[in-house]
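Chains as they are written, first to last, in the UniProt record's numbering: chain D, 1 to 317; chain Y, 1 to 317. Beta carbons: idealized from backbone N, C-alpha and C, even for Gly.
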């Protein structure tokens, strides 16, 4: 188990925005599940919602939703993670035959995700109450990375345009020296940046319109770019805070366009990226095998729920 | 005077994010000034603030700040616009020798912009009280356009990579037929997308870090792209709402990733893009000439403040 210090928002920043579909709603999500805490971000690109819960809050809600449950948080939180994480990392909202997740939008604009699963042979209920995220979170998790992405991509477009100009100069030199193509179909038009851009926009904008969901999530290339930028931003931040932390106590508005990432959550003691990886692997198989650091048993395709039934007897009274 | 119906947020969406510097703070702004109402958006990329004010609210605040002012809103609002708009469209916060604007960050995270100018020979005070904008506004004005920009730029990068491949095939055909370059320096390396991208990222990320403000505002190319996308989004929205308005009364979460722009403000009756244009023009000149639809007088470079003194006598009691 890796142990790291830092806010859950910083951990989330390093995660990709994953497309999920719950109750027919197309969303992008980021989630972090600690030992007995979680932080979930959801967006439909019209709003961004979040919920942060610590052990005490989880305990209280679990009691309200499961009257007969008297177990400490640790005892049922691993079950919650196993059931919920696949839903928040790209599955269709059904982990196995027993667990169900649904999403409703409240009248006040909040999002509620309801989970029903089975724990120790009895129904286990959970609800995520997601409220609109603070603007600072939206800026850190979406606005700043997206603007940096646009800048980098714009610069790539410029560079590639320059390379095309050099290719054209090379081709022109060949031609001026009397060279001809053996296959005429290999001939290309001279690249004209302005013409290209106008032509591109006239075709791409209507396409963007017709593609809807695909166009407005992150595709693989954009995911990689997002990851590179937030990873780099984090390196910068550590560097800056170590080397030249400003003595001022006031918020640093003047240099704020420079894009240092402000911390906007409390500290969270532990994180378990291992669990995230396990669950992501588990979602690929119909009957997930749960990796654990214990001797391999003779039950190769053991279901998590049946294992929990054996291990967690006595959670309910 | 053009008259259009629609929310001020929709009008603002079509405006660019302009870099301004007030009290040493680097910000991006969008602003809309109507007849007796305004809507201002500010961001330092760590938070987004806004203030929307109607005639009644403006009247009340002007009374609080200017005890002796007894004029109706219309009588002093044009002065406010003339003084403030240059500050919010890229000047350095000084319109002429008389007006001064300053910005402070409140302890609660709000932004306050204080203005001091002169009207009818007496000091005139104004304050903008900007609070964190709703997440829906941030999504509409920044997140969705930026994600669409990233998609379009990513597609351009792919297309240009494809074009480079075709140039290389043409060059290879010349070479295979024995052609040589007259100037060796014109020779280019074969374009390898993966190698290029890795090389680009290793150089561009540290650059992005060192450029700060320039890198995280919108440069000209990104401004154009932003404008094209929001203009296109608006066309789509009108088309959709005319042609196939869904009968459902519930918020349309399922198709929300498709990016239709939700209206999130009340209706504003009138808008005056003319005034915005006038002011943008005025900021270029040291002594602005105010365009008006009245006979040209014999005072060619008349200052707005002196004109107001003549026209608006009796605003104060």
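Rounding to the nearest angstrom, what Cα-Cα distance links residue i and residue j in this structure?
i	j	result
residue 111 of chain D	residue 18 of chain D	17 Å
residue 131 of chain D	residue 89 of chain D	20 Å
residue 80 of chain Y	residue 128 of chain Y	11 Å
residue 11 of chain Y	residue 28 of chain D	28 Å
residue 16 of chain D	residue 229 of chain D	11 Å
residue 217 of chain D	residue 61 of chain Y	43 Å
residue 46 of chain Y	residue 123 of chain D	43 Å
residue 150 of chain D	residue 220 of chain D	15 Å
residue 84 of chain D	residue 197 of chain Y	36 Å
residue 31 of chain D	residue 141 of chain D	12 Å
residue 187 of chain Y	residue 14 of chain D	41 Å
residue 76 of chain Y	residue 33 of chain D	56 Å
residue 52 of chain Y	residue 137 of chain Y	12 Å
residue 135 of chain Y	residue 134 of chain D	7 Å
residue 159 of chain D	residue 208 of chain Y	15 Å
residue 57 of chain Y	residue 118 of chain Y	21 Å
residue 309 of chain Y	residue 43 of chain Y	Any reading at residue 309 of chain Y needs caution, since the residue's pLDDT is 41, under 50, leaving its predicted position unreliable; the model's value is listed next. Computed Cα separation, rounded: 35 Å.
residue 70 of chain Y	residue 99 of chain Y	21 Å
residue 7 of chain Y	residue 54 of chain Y	13 Å
residue 37 of chain Y	residue 73 of chain Y	9 Å
residue 232 of chain Y	residue 201 of chain D	10 Å
residue 25 of chain D	residue 152 of chain D	31 Å
residue 9 of chain Y	residue 50 of chain Y	11 Å
residue 63 of chain Y	residue 226 of chain Y	39 Å
residue 20 of chain Y	residue 68 of chain Y	32 Å
residue 35 of chain Y	residue 82 of chain Y	12 Å
residue 59 of chain Y	residue 162 of chain Y	60 Å
residue 126 of chain D	residue 109 of chain D	20 Å
residue 113 of chain D	residue 22 of chain D	9 Å
residue 195 of chain D	residue 203 of chain D	13 Å
residue 206 of chain D	residue 224 of chain Y	17 Å
Under 9 Å Cβ-Cβ, which residues of chain D neighbour residue i?
i	result
residue 132 of chain Y	134, 135, 136
residue 170 of chain Y	167, 171, 174, 181, 186, 187, 188
Span of the beta strand (DSSP E) holding residue i?
i	result
residue 115 of chain Y	111-119
residue 136 of chain Y	Premise fails: residue 136 of chain Y lies in the alpha helix (DSSP H), 135-138, not in any beta strand (DSSP E).
residue 184 of chain Y	Careful: residue 184 of chain Y lies outside any beta strand (DSSP E) and carries neither H nor E.
residue 53 of chain Y	48-53
residue 190 of chain Y	From DSSP, residue 190 of chain Y is part of no beta strand (DSSP E); its letter is neither H nor E.
residue 126 of chain Y	122-132
residue 43 of chain Y	38-43
residue 19 of chain Y	18-22
residue 28 of chain D	25-33
residue 100 of chain Y	100-105
Please compile the residues from chain Y whose C-beta is within a distance smaller than 9 Å of the C-beta of residue i.
i	result
residue 106 of chain D	Correct list: empty, because the minimum Cβ distance to chain Y is about 10 Å.
Find the residues of chain D that neighbour residue i, judging by a C-beta separation of less than 7 Å, and give them in chain order.
i	result
residue 149 of chain Y	150
residue 161 of chain Y	160
residue 221 of chain Y	154
residue 204 of chain Y	152, 155
Return the first residue and the last residue of the alpha helix (DSSP H) that residue i is part of.
i	result
residue 144 of chain Y	144-176
residue 69 of chain D	It is not in any alpha helix (DSSP H) - residue 69 of chain D carries neither H nor E in the DSSP assignment.
residue 10 of chain Y	8-13
What residues of chain Y sit near residue i, judged by a beta carbon separation below 8 Å?
i	result
residue 228 of chain D	201, 205
* Asked: Name the residues in the stretch 8-20 of chain Y whose C-beta lies less than 7 Å from a C-beta of chain D; which are they?
  -> none
* Okay, do the stretch 170-181 of chain D and the stretch 161-181 of chain Y touch, 3+ Cβ pairs below 8 Å being the bar? -> yes
* Should the stretch 186-198 of chain D be regarded as contacting the stretch 158-170 of chain D, the criterion being three or more beta carbon pairs within less than 8 Å? -> yes
* Against chain Y: residues of the UniProt domain "XLF-like N-terminal" (16-131) of chain D by CB proximity under 7 Å -> 24, 25, 26, 44, 45, 46, 47, 48, 105
* Is it true that the stretch 99-113 of chain Y meets the stretch 133-153 of chain Y, where meeting means three or more beta-carbon pairs spaced less than 8 Å apart? -> no
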